[in-house]
Each structure stands twice: as C-alpha cells, then as structure tokens.
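The structure under discussion appears below in the form of structure tokens.
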Amino acid sequence: MTLVVFDLGETLVSYEGIPLNWSEHYLDAINDFLIKNSICVSTPGLELAVSILEFYNTRTNQRTFEVGEGEVTRKIATVLGIDGAVFERSFFSYFQQRATLEPSALETLMQLKKENIHTAVLSDVPYGMPRDYLMEDLGPLRSLWTASSLHATLVSENLTHRASPP
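Mapped onto the numbering used here, the consecutive letters of the sequence shown carry residue numbers 13 to 178.
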C-alpha cells in the first residue's frame, strides 16, 4: 500500500491575507470577538491574552509538546473573563473566513485516487484548534472522505508530540 500524507496549510488550504505566523492578527482576532459581543477588557488583560498566544506560537517558540484541543483559548477566556466556547469559535473563525482551497489540491487528490494511492492529512493545528474546525477548512475536499480517497485526518494533538526543532 502506498500512502501520501499532506499537511493542511499552504498545501491543501491557504488563508488569504494571513501569514503562517498569525501574531500580527492576534489583537484583531481578539478585538473582533470583544466588539461583536460588546465586551470591554483592560489593556493588561489584552496584553496577557496576546502573551499566551505568543507562548504557544510555534513559528517563534519551538516546542516538542502538543496542546490539547481548546487549551489555549480556554486560558485566554479565563484571563479575559469571557465564555471560552464562544471565544474559541470567534477566534478561529477570524482566520477561517479567509480559508481557500489551494488551486491544485482537488486535482492532485483525485489523481492519487485514480491511481489507488491512499491519502491522509496530518496538520499541526495552531493553538489547539479543534479538529472539527480543520475539517471546515477542508471545505470541498471533505467530500473525498466519503468517496474513500482521503483515508485519515489527524491533528498534531492526536500524536501528543511535535517534531523536534532542527
């Protein structure tokens, strides 16, 4: 059996206008939630929320441990005194609204299916993003799972450890 494993970001899906390092969007994503929910928080609270995101940002802070689903957004919600589940959805939606399929993704996956090559997705989801949200980002590619083309979707949390820094 032959298996081809794809990463999600910049391979199958891109986030238009969003770099791989999300740090320049932290405040916008948090403020988007706060404004939509008419919530005011202190500047020190916002700074602490951003520092939590910076700590878990693997683009700037290499780590070998993985975080659980929702762990990071729960910490931020606790610091800001807000509803964790609602904040989590809002935070990731800020980035997901710009998710677009990579131009060659569907064609590549269909060609591999024709050749009876198994495929899977393994993504180091950012900040403990829930797997369900990753599935949303896959959009039209999700239909391939029912067509038995994509055989597995794993997120880094499933593995519990990240690759060691080079």
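Ideal Cβ positions, reconstructed from N, Cα and C, are used throughout, including at glycine.
Per-residue DSSP class, three states only, for residue i
| i | result |
| --- | --- |
| Ser105 | helix |
| Gly93 | coil |
| Val133 | strand |
| Leu150 | coil |
| Leu166 | strand |
Beta-carbon spacing of residue i, residue j below 8 Å
| i | j | result |
| --- | --- | --- |
| Thr112 | Ser26 | yes |
| Leu58 | Val84 | no |
| Thr14 | His163 | no |
| Arg154 | Gly29 | no |
| Phe18 | Val133 | yes |
| Ile88 | Ile51 | no |
Closest by C-alpha distance to residue i, when choosing among the options
| i | options | result |
| --- | --- | --- |
| Pro31 | Gln108, Gly80 and Gln123 | Gln108 |
| Glu81 | Tyr68, Glu114, Asn73 and Val91 | Tyr68 |
| Tyr145 | Ile51, Tyr106 and Glu119 | Tyr106 |
| Pro138 | Thr70, Glu22 and Arg86 | Thr70 |
| Asn33 | Met147, Met122, Thr72 and Glu169 | Thr72 |
| Leu60 | Leu121, Leu39 and Thr76 | Leu39 |
Cα-Cα separation between residue i and residue j, rounded to whole angstroms
| i | j | result |
| --- | --- | --- |
| Lys126 | Val16 | 14 Å |
| Pro115 | Leu150 | 13 Å |
| Asn63 | Phe104 | Correcting the residue identity first, residue 63 is Ser in this sequence and not Asn. Computed Cα separation, rounded: 17 Å. |
| His37 | Asn128 | 41 Å |
| Asn49 | Ser102 | 10 Å |
Stretch-stretch touch, CB-based, cutoff 8 Å, three pairs: the segment 38 to 48 with the segment 85 to 103: yes
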